[in-house]
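Enquirer: Take 8 as the starting number for the sequence shown in our numbering and just add one per residue. For glycine and all other residues, C-beta sits at the position ideal for the given N, C-alpha and C.
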Amino acid sequence: MEPRLGAAGPRMPRVGAGPSDRGSPTLDQLLPDDPDLIGPYRLEGRLGAGGMGEVFLARSPGGRVVVVKRIHRHHARDPEFRVRFTREIDAARRVGGHFTAQVIAADPAADLPWMAAAHIPGPSLQALVSQRGPLPVETVIALGAALAEGLAAIHDCGLIHRDLKPANVICADDGPRIIDFGIARPLDAAALTETGALVGTYSHMSPERINGHPATPAADVFSLGCVLVFAATGQSPYAASTLPAVIHRITSGDPDLTRVTADLRPLITACLTTDPAARPAVAEILATLGPAAHRRPPGNPWPAAHQPPPGILPLDGHQPLPGDPWPAAHQLSPGNPSRVAHEPLPGDPSLAAHGPPPGNPPLAAHRPAPGYASPAAHQQPSGGPSPSGRSSRPGYLSEGFSPPSQGSPSGQLSQGERPLPLLSRILPRRALLAGGVAVGATIVVVGASRIFGGEEPVAVTKVSARLVKTLTGHEGEVYSVASNPDGTLLASGGADRTVRLWDPAGVARPGTLAGHESNVYAVAFTGDARLLISGGGDRLARLWDVADRVTLTSLPGGDDGVNAVASTDDGTVIATGGGDGTVRLWDPASGARTAVLTGHGGAVMAVSFSPDGKRLATSGTDETVRIWDVARRALLHTLTAHEGWVSAVAFSPDGKLLVSGGADRVVRLWDPADGTETGTLPGHDAGIAVVAFSRDGRVLATGSGDRTVRLWDPADRTRLATLTGHTAAVGAVAFNHDGTLLATGGADATVRLWEIR
8 MEPRLGAAGP RMPRVGAGPS DRGSPTLDQL LPDDPDLIGP YRLEGRLGAG GMGEVFLARS
68 PGGRVVVVKR IHRHHARDPE FRVRFTREID AARRVGGHFT AQVIAADPAA DLPWMAAAHI
128 PGPSLQALVS QRGPLPVETV IALGAALAEG LAAIHDCGLI HRDLKPANVI CADDGPRIID
188 FGIARPLDAA ALTETGALVG TYSHMSPERI NGHPATPAAD VFSLGCVLVF AATGQSPYAA
248 STLPAVIHRI TSGDPDLTRV TADLRPLITA CLTTDPAARP AVAEILATLG PAAHRRPPGN
308 PWPAAHQPPP GILPLDGHQP LPGDPWPAAH QLSPGNPSRV AHEPLPGDPS LAAHGPPPGN
368 PPLAAHRPAP GYASPAAHQQ PSGGPSPSGR SSRPGYLSEG FSPPSQGSPS GQLSQGERPL
428 PLLSRILPRR ALLAGGVAVG ATIVVVGASR IFGGEEPVAV TKVSARLVKT LTGHEGEVYS
488 VASNPDGTLL ASGGADRTVR LWDPAGVARP GTLAGHESNV YAVAFTGDAR LLISGGGDRL
548 ARLWDVADRV TLTSLPGGDD GVNAVASTDD GTVIATGGGD GTVRLWDPAS GARTAVLTGH
608 GGAVMAVSFS PDGKRLATSG TDETVRIWDV ARRALLHTLT AHEGWVSAVA FSPDGKLLVS
668 GGADRVVRLW DPADGTETGT LPGHDAGIAV VAFSRDGRVL ATGSGDRTVR LWDPADRTRL
728 ATLTGHTAAV GAVAFNHDGT LLATGGADAT VRLWEIR
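#1: For D163, which three-state DSSP category applies?
#2: Who pairs with C178 in a beta bridge, going by DSSP?
#3: Shorter than 6 angstroms, the distance from the beta carbon of G578 to the closest heavy atom of the ligand SAM, or not?
#4: Determine whether the beta carbon atoms of L64 and G52 lie at a separation below 7 angstroms.
#5: For the alpha helix (DSSP H) that L171 lies in, which residues bound it at each end?
#6: Cβ atoms of S617 and G662: under 7 angstroms apart, would you say?
#7: Going by C-alpha to C-alpha distance, which of D629, R622, S626 sits closest to D636?
#8: I need the DSSP call for V446, collapsed to helix, strand or coil.
#9: Report the CB separation of I763 from T747 in whole angstroms; it is logged as a contact under 8 angstroms.
#10: Taking all protein chains shown into account, do 16 or more other C-beta atoms lie within 10 angstroms of the C-beta of G60, making it buried, or fewer, making it exposed?
#11: Could you tell me which whole beta strand (DSSP E) segments of length 3 or greater appear in the stretch 602–632?
#12: Considering only residues of the same chain and omitting the five flanking positions on each side of D720, which have a CB-CB separation below 6 angstroms?
#13: Determine the contact status of V110 and R100, defining contact as a CB-CB distance below 7 angstroms.
#14: So is L44 buried or exposed if we call it buried at 16+ other beta carbons inside 10 Å?
#15: I need the DSSP call for I127, collapsed to helix, strand or coil.
#16: Whose CA, out of G609, S137, D97, lies closest to the CA of A124?
#17: When we look at the beta-carbon of H220 and count the other beta-carbons within 10 Å, is it buried (16 or more) or exposed?
#18: Of all the options T558, E156, L478, which has the alpha carbon lying nearest to the alpha carbon of H81?
#19: Would you mind giving the Cβ-Cβ distance between L730 and V716, rounded to the nearest angstrom? I have them listed as a contact below 8 angstroms.
#20: Based on Cα-Cα distance, which residue from H79, Y48, I148 lies nearest to G69?
#21: Which of helix, strand or coil does DSSP assign to P416?
#22: Once you ignore the five residues that flank S499 on each side, which residues in its own chain have a CB closer than 6 angstroms to its CB?
#23: Taking its Cβ as the centre, do 16 or more other Cβ atoms sit within 10 Å of A529, making it buried, or is it exposed?
#24: Beta-carbon separation of A699 and A741 under 7 angstroms?
#25: Within the chosen definition, does the stretch 652–661 reach the stretch 681–688 through at least 3 CB pairs nearer than 8 angstroms?
#26: Quick one: what does DSSP say F106 is sitting in, helix, strand or coil?
#27: Can the beta-carbon of S667 be found closer than 7 angstroms to that of H691?
#28: Assign R537 to buried or exposed, taking buried as 16 or more other Cβ atoms, counted over all protein chains shown, within 10 Å of its Cβ.
#29: With a threshold of 16 other CB atoms inside 10 Å of the CB of G140, please say whether the residue is buried or exposed.
#30: Counting Cβ pairs, one atom from each stretch, are 3 or more of them under 8 angstroms apart for the stretch 150–166 and the stretch 234–242?
#31: Count the other C-beta atoms from every protein chain shown that fall within 10 angstroms of the C-beta of S259, then say buried if there are 16 or more, exposed otherwise.
#32: Looking at C-alpha atoms only, which residue of F532, T734, R724, R633 is the closest neighbour of G494?
#33: Taking the Cβ atom as the reference point for each residue, do L50 and L38 lie within a distance shorter than 7 angstroms?
#34: Quick check on the DSSP output: the alpha helix (DSSP H) that includes D227 runs from which residue to which?
#35: Which of the three DSSP states, helix, strand or coil, is assigned to Y486?
#36: Within the stretch 31–85, note down every full beta strand (DSSP E) run reaching 3 residues or more, in order along the chain.
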């Protein structure tokens, strides 16, 4: 058998490989049971996996680089899913390769249906902005014009995309491509009934779709507005710490456009109106943005200052191969097999110690390309005037706007390269400690760019905390994190429909568990470190064998998504909390449902077992916390002090304390024996999404929409530390087995690891 990628030799000679190459790309190795061929295409490596299937990089018999998508076996057994996959193929073919990845070949009737498409070099918009920060306004305008043109082509084919989001936009050198037609459907489609099912990504989903109305082209316009806000600001206009809060903001028409420039705000506001009939048509958007886009200088549309630096792997999985016509800034550094980046915004910290890869000039990834200015020099401040102060047609874009043609002044920081906060990053450590702030950051300042070699500063009192690693790989929000019982493995679930596995020691490569067809909202290990439970928006909870990375069983979570999962310490009972207001108990050994607990008047957002497994605490959007007797299936107490939804609940390790948090921004402490409130921990500036105890119960961690994690002493009710670093809401926290490591996840698509002492 031929060796796999990364073994003693390559699977086949690489076109253009040779001494002059900048290094082979970093790909996941093929698994032992992966085939050598799919159709006529020889597999080179794994690019990733999602809810529908697996994605491989491959070559045609003539050496052409292609991307092959093959659906999962359990989906292949579903006739309706085969129809959906066939529809994706037909949709991509009808739109054509100018606006999407050109379909080269497909076999929807194969035992495992597959599709081969042209390889598009370039990162996703999600990865580009997450790694390098918001785009300059002129690039956002050009992006909007190109995406409007692509949507027009899609709509002209009688299709609606229904899942336009940053992860589905590839930033190719000649302009953006819209990918993933897996949920696109004809304008007149009545087949493939999806009663009650919402397929897509909530943070970019139009309010009419959330409310159950059919999708129209106006739904894609709404999603386009969300994409442009993300490109311009680095976050969703509806970012919030919990799913119910996101949905509420969308349906109530509450986008955050404060960081959108005055030039773009009128158009984006029109795209995001809750009335689909009032949104502009894509042709109108194109007519508005097109003239300004045409005034851009020719060449690569993505300024070099925003292209992924050498050594950073594009998170969308579209990596270059030797011989591909990529700019130097896209090339991957040799010998960098890990997907872990220690600081995704400024760049790979390994560059601070080792310099740029051979053949790449220093700072090539940080200099603006000729004819492109640093965004900091040209983006308008929030609420500021437009360049001319005059409005153009329908008031969408200021008249006379022209992209700048000169580079930024020397020494000016680019947007996304965050300014150093006060002097905390450059003062000596001793001076900072004297002031009560522990800082462990190592900073290299080169010209106008910063490369981090360490951690963010955190204010501390009784404990010290430092950021030791930032894990990137998720494309979209991270909703949940969990540590296995011995602390050797972390799991995270996110909006990209995957569960990702991480080695906190950084020795083993991360893995991916794919199978969910919607967002993964919750993950938890059972008492057995080999087993993991996950819950998603596809209304299923899945029990996984972590070692083999396979689903052991799927548990139907009710009539809506599974928002929360938990296991008793001995692993004999699993609980799932659903959007339909029910709590379901399961026997993981048999997969049998043993009870359904009803009583919540809204979605259940959190579930937590007491250490002995005899009690279960639940919370939800009905503003209550409930405590149940597991054996008798009886409600013991209903706790009602919170004002607003309650998204987090946790028992202390000794079972004598219950903690909850929610929209009222207050952490509440309860005596679970009688349900009385014993104290509060105020301080967060936004809703609280998650709470978690260290294994010894001495530290409580809370994550919030204010982008911070706070550490508390639950005994004397004092704050121990405030952890900053996430650039969006924090929705997940979990301690390891001995409390020395804290994992946090957020809407900035990162998992961050903090050393706690």
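Expert: This is what the structure gives:
#1: Reading the sequence shown from its first residue, position 156 is the one you call residue 163. DSSP places D163 in helix when its eight states are reduced to three.
#2: Counted from its first residue, the sequence shown places residue 178 at position 171. Answer is P183.
#3: Among the components of this structure there are no ligands whatsoever, and the ligand SAM is therefore not found.
#4: The residue you call residue 64 lines up with position 57 of the sequence shown. The residue you call residue 52 lines up with position 45 of the sequence shown. Yes; because the gap between Cβ atoms is below 7 angstroms, this pair is in contact.
#5: Against the sequence shown, residue 171 aligns to sequence position 164. Run containing L171: none; DSSP gives neither H nor E here.
#6: Taking the first residue of the sequence shown as 1, we reach residue 662 at position 655. Taking the first residue of the sequence shown as 1, we reach residue 617 at position 610. Taking 7 angstroms as the Cβ cut-off, G662 and S617 qualify as a contacting pair.
#7: Numbered from its first residue, the sequence shown carries residue 636 at position 629. The option with the nearest alpha carbon to D636 is R622.
#8: Position 439 of the sequence shown, counted from the start, is the residue given in the question as residue 446. No answer about V446 holds up, because its pLDDT of 29 lies below 50 and its placement is not dependable.
#9: Within the sequence shown, residue 763 is the residue found at index 756, counting from 1. Within the sequence shown, residue 747 is the residue found at index 740, counting from 1. 6 angstroms between Cβ atoms; contact.
#10: Here residue 60 refers to the residue found at position 53 when the sequence shown is read from its first residue. By the neighbour-count rule (16 or more Cβ atoms within 10 Å), G60 is buried.
#11: Those beta strand (DSSP E) runs which fall completely within the stretch 602–632 and span 3+ residues are 611–616, 622–627.
#12: As a working note, residue 720 is residue 713 in the sequence shown. Result list for D720: L727, in chain order.
#13: Within the sequence shown, the letter at position 103 stands for residue 110. Within the sequence shown, the letter at position 93 stands for residue 100. The answer is yes: Cβ separation under 7 angstroms.
#14: Position 37 of the sequence shown, counting from 1, holds the residue named residue 44. Flag for L44 reads exposed.
#15: Here residue 127 is taken as the residue at index 120 of the sequence shown, counted from 1. In the structure shown, the three-state DSSP call for I127 is coil.
#16: Counting from 1 along the sequence shown, the entry for residue 124 is found at position 117. When only C-alpha atoms are compared, the closest one is D97.
#17: As a first step, residue 220 is located in the sequence shown; it is residue number 213 there, counting from the start. With fewer than 16 Cβ atoms within 10 Å of its Cβ, H220 is classed as exposed.
#18: As a position in the sequence shown, residue 81 is number 74, starting the count at 1. Considering only alpha carbons, the answer is T558.
#19: Counting from one through the sequence shown, the residue named residue 730 turns up at place 723. Counting from one through the sequence shown, the residue named residue 716 turns up at place 709. Contact holds; Cβ gap of about 4 angstroms.
#20: As a first step, residue 69 must be located in the sequence shown, where it is residue number 62. The candidate whose alpha carbon is nearest that of G69 is Y48.
#21: Counting from one through the sequence shown, the residue named residue 416 turns up at place 409. Low confidence applies to P416: its pLDDT is 30, below 50, so where it sits in the model is not reliable, and the reading given next is rough at best. Three-state DSSP puts P416 in coil, outside helix and strand.
#22: Indexing the sequence shown from 1 puts residue 499 at position 492. These residues qualify, in order along the chain: V485, V488, R507, G752, V758.
#23: In the sequence shown, residue 529 corresponds to position 522, counting from 1. Buried: at least 16 other Cβ atoms inside 10 Å.
#24: Within the sequence shown, the letter at position 692 stands for residue 699. Within the sequence shown, the letter at position 734 stands for residue 741. Result yes, Cβ atoms of A699 and A741 sit closer than 7 angstroms.
#25: Short answer: they don't touch.
#26: On the sequence shown, position 99 is the one that residue 106 refers to. F106 falls in the coil class under three-state DSSP.
#27: By 1-based counting over the sequence shown, the position of residue 667 is 660. By 1-based counting over the sequence shown, the position of residue 691 is 684. No. Outside cutoff.
#28: Counted from its first residue, the sequence shown places residue 537 at position 530. R537 should be labelled exposed.
#29: In the sequence shown, residue 140 corresponds to position 133, counting from 1. It counts as buried.
#30: yes
#31: Numbered from 1 along the sequence shown, position 252 holds the residue referred to as residue 259. Its Cβ having fewer than 16 others within 10 Å, S259 is exposed.
#32: As a working mapping, residue 494 is identified with position 487 in the sequence shown. For G494, the nearest C-alpha among the options comes from F532.
#33: For the purposes of this step, residue 50 is taken as the residue at position 43 of the sequence shown. For the purposes of this step, residue 38 is taken as the residue at position 31 of the sequence shown. No Cβ-Cβ contact shorter than 7 angstroms links L50 with L38.
#34: Residue mapping note: residue 227 aligns to position 220 of the sequence shown, counting from 1. Looking at the DSSP string, the run of the alpha helix (DSSP H) that includes D227 is 224–240.
#35: Here the question's residue 486 lines up with position 479 in the sequence shown. If DSSP states are grouped into helix, strand and coil, Y486 belongs with the strands.
#36: 48–56, 60–66, 72–78
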